[in-house]
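See structure below.
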Amino acid sequence: MKISTRTIAVSTRGDCDSVDITPQVADEMGKSGMKNGIAVLFVPGSTAGLTTIEYEPGLLADLPEAFERVAPTDKSYHHDQRWGDGNGHAHIRAALIGPSLTVPFSDGRLLLGTWQQIVLLDFDNRPRQRKIAMQLLGE
Amino acid sequence: MKISTRTIAVSTRGDCDSVDITPQVADEMGKSGMKNGIAVLFVPGSTAGLTTIEYEPGLLADLPEAFERVAPTDKSYHHDQRWGDGNGHAHIRAALIGPSLTVPFSDGRLLLGTWQQIVLLDFDNRPRQRKIAMQLLGE
Amino acid sequence: MKISTRTIAVSTRGDCDSVDITPQVADEMGKSGMKNGIAVLFVPGSTAGLTTIEYEPGLLADLPEAFERVAPTDKSYHHDQRWGDGNGHAHIRAALIGPSLTVPFSDGRLLLGTWQQIVLLDFDNRPRQRKIAMQLLGE
């Protein structure tokens, strides 16, 4: 078994932007030459998270509304009172979603469902450049 | 170190059904012959998730009520307006819980707490047959 | 590639206490001698979870308020009616956050953001001694 360390660069618009990174993940897996193993994805930073969704316009509109219920944008956050950067809601949302996602692959194929894409959710209140760490373990 | 790819088949009733898959996970780990490593579990599909709970009837009643607060069944979702399948809430809940869970094991034993079980939460609005991907890495 | 199994002991105050375990995770990684791989962290028990946050006093005050919206302390839980231990909210919160977190490392450094710390969130309604399982895979 071997390890391959890779990076996936993503530009986001912030404000609960969902970016489908499945093609990049599949591409890096292919370039590694591994056929069987796991892809560990991790987003450095505390205002973004990784999960999977069916990447279609309806859900891309539903997700920000759901996060408004859990951590509203217009609430007063202690974080913002201290630091004045206005992204307290983004920190809470990112902590709930989590920064890591592990996707298994077999026979050179990510074991995703047909209507399931890997997404970076960027909760920050401004556009960001993200570099997702990817650690492939396999053979 | 080696890799073993396995599948755990689960029938669910949908509607926030929780299925305890701990026995199947332990069984597949045992059959692999590995004593020390990690079990990476991943549910293909975008309306189910994996986590751990104390699997007892009280919590099995509490969980659906909690998810009603986070993503209510009776809300109008953009996803449903587009596709008419009525499971928008299931997609949101699955994105929040996440499709992957990694459980370490040592000396041939999953490192779970005494009152902690691995569960598949199926949020879809109908019974489903799920095939959970399981990638064991260890020795 | 090799495996190293370790344990991180943490004392918590309970009641949504956040404990920064980044120094212990980095220390155990260093002692393993591995330079490149993944750190799989898993908290046994069903009333605590692992995630990352910017560990600063504002967010440490915001997090308990966010969890009150998702799973209020003063709600009546079926779990508590059955078992009388008063920590139904803690079980729900832990199921949402999840017990596992996987952090990649490269060149002997955890691939965290500058303002991102690994935290144990203890939702139980009393102080607890936790032993986090840590499985390092790497070389």
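Residue numbers (the numbering used here), protein chains in the order written: chain A, 1 to 139; chain B, 140 to 278; chain C, 279 to 417.
The beta carbon of each residue, even a glycine, is placed where N, CA and C say it ideally should be.
All of these numbers come straight from a predicted model, not from anything done at the bench.
(1) Going by DSSP in three states, Arg-360/C sits in which element: helix, strand or coil?
(2) Does Leu-250/B come out as helix, strand or coil in the three-state DSSP assignment?
(3) Quick one: is Gly-33/A near chain B, going by C-beta distance under 8 angstroms?
(4) Check Pro-382/C in the structure and name its three-state DSSP category.
(5) So that I know if they touch, is there some Cβ in chain C lying closer than 8 angstroms to that of His-143/B?
(6) At the 8 angstroms Cβ level, is Thr-102/A part of the contact set with chain C, yes or no?
(7) Is Ala-210/B helix, strand or coil when you go by DSSP?
(8) So, helix, strand or coil for Val-164/B, using DSSP?
(9) Can you name the residues of chain B whose CB is closer than 8 angstroms to the CB of Trp-83/A?
(10) Of the choices Thr-283/C, Asn-314/C, Gly-336/C, whose alpha-carbon is the least far from that of Trp-83/A?
(11) Taking 8 angstroms as the threshold, find out whether the stretch 122-130 of chain A comes into contact with the stretch 35-52 of chain A through three or more Cβ pairs.
(12) Relative to the C-alpha of Ser-74/A, which candidate in Asp-20/A, Asp-107/A, Asp-15/A has its C-alpha closest?
(13) With 16 as the cutoff for other CB atoms within 10 Å, does Gln-220/B come out buried or exposed?
(14) So, is Arg-269/B buried or exposed, given that buried needs 16 or more other C-beta atoms within 10 angstroms?
(15) Could you name the residues of the same chain whose beta carbon sits closer than 8 angstroms to that of Asp-107/A, not counting the 5 residues immediately before and after it, in chain order?
(16) Would the beta-carbon of Ile-142/B fall within 8 angstroms of that of Gly-138/A?
(17) Do Ile-132/A and Thr-7/A have their C-beta atoms closer together than 8 angstroms?
(18) Would you tell me roughly how many angstroms separate the C-alpha atoms of Trp-393/C and Ala-373/C, rounded to the nearest one?
(19) Which of the three DSSP states is assigned to Asp-122/A in this structure?
(20) To the nearest angstrom, how far is it from the Cα of Val-43/A to the Cα of Asp-20/A?
(21) Looking at C-alpha atoms only, which residue of Glu-204/B, Pro-238/B, Thr-144/B is the closest neighbour of His-356/C?
(22) Residues of chain C with CB closer than 7 angstroms to the CB of Ser-245/B, please, in chain order.
(23) How should Asp-305/C be labelled, buried or exposed, when 16 other C-beta atoms within 10 angstroms of its C-beta is the threshold for buried?
(24) Look at the Cβ atom of Leu-249/B, then the Cβ atom of Val-149/B, and state whether they are nearer than 8 angstroms.
(25) Beta-carbon separation of Gly-227/B and Asp-17/A under 8 angstroms?
(26) Counting C-beta neighbours from all protein chains within 10 Å, is the total for Ser-215/B 16 or more, i.e. buried, or is it exposed?
(27) For Ala-90/A and Leu-319/C, I'd like the C-alpha separation in whole angstroms.
(28) Do Thr-161/B and Trp-256/B come within 8 angstroms of each other at the CB atom, strictly closer than that value?
(29) For a quick check, are the C-beta atoms of Thr-290/C and Arg-406/C less than 8 angstroms apart?
(30) Which residue comes first and which comes last in the beta strand (DSSP E) that contains Gly-277/B?
(31) Under 7 angstroms Cβ-Cβ, which residues of chain A neighbour Val-158/B?
(32) Is it right to say Gly-172/B is buried, meaning 16 or more other beta carbons lie within 10 angstroms of its own, or is it exposed?
(33) Span of the beta strand (DSSP E) holding Arg-145/B?
(34) Below 8 angstroms on the Cβ atoms is my contact criterion, and I expect Thr-380/C with Thr-241/B to pass it. Report the Cβ-Cβ distance as a whole number of Å.
(35) If you compare alpha carbons, which of Arg-265/B, Met-140/B, Ser-239/B is closest to Asp-224/B?
(36) Determine the chain C residues that contact Pro-196/B at a beta-carbon separation under 8 angstroms, and present them in chain order.
Quick look at the numbers:
(1) helix
(2) coil
(3) no
(4) strand
(5) Correcting the residue identity first, residue 143/B is Ser in this sequence and not His. Chain C, which has no Cβ nearer than 8 angstroms to the Cβ of Ser-143/B, makes this no.
(6) yes
(7) Three-state DSSP puts Ala-210/B in coil, outside helix and strand.
(8) In the structure shown, Val-164/B adopts helical secondary structure according to DSSP, grouped into three states.
(9) Using a Cβ-Cβ cut-off of 8 angstroms, Trp-83/A is close to nothing in chain B; its nearest Cβ partner there is about 26 angstroms away.
(10) Gly-336/C
(11) yes
(12) Reading off the sequence, residue 74/A comes out as Asp, not Ser. Looking at the Cα atoms, Asp-15/A is the closest of the given residues.
(13) In summary, Gln-220/B is exposed, with fewer than 16 beta-carbon neighbours lying within 10 Å of its beta-carbon over all protein chains present.
(14) Residue environment: Arg-269/B is assigned as buried (16 or more neighbouring CB atoms within 10 Å of its CB, all protein chains considered).
(15) Within the same chain, Asp-107/A has close Cβ partners Lys-35, Asn-36.
(16) In contact: Ile-142/B and Gly-138/A (Cβ atoms closer than 8 angstroms).
(17) yes
(18) 25 angstroms
(19) Strand at Asp-122/A.
(20) 14 angstroms
(21) Glu-204/B
(22) Thr-283
(23) exposed
(24) no
(25) Result no, Cβ atoms of Gly-227/B and Asp-17/A do not sit closer than 8 angstroms.
(26) exposed
(27) 24 angstroms
(28) Per the sequence shown, the amino acid found at residue 256/B is Gln instead of Trp. Yes, the pair counts as a contact, with Cβ atoms nearer than the cut-off.
(29) Result yes, Cβ atoms of Thr-290/C and Arg-406/C sit closer than 8 angstroms.
(30) 267-277
(31) Chain A residues near Val-158/B: none, gap ~17 angstroms exceeds 7 angstroms.
(32) exposed
(33) 141-151
(34) At roughly 6 angstroms, the Cβ-Cβ gap stays under 8 angstroms, so Thr-380/C and Thr-241/B are in contact.
(35) Arg-265/B
(36) Pro-196/B reaches chain C at His-356, Arg-360, counting residues in chain order whose Cβ is nearer than 8 angstroms.
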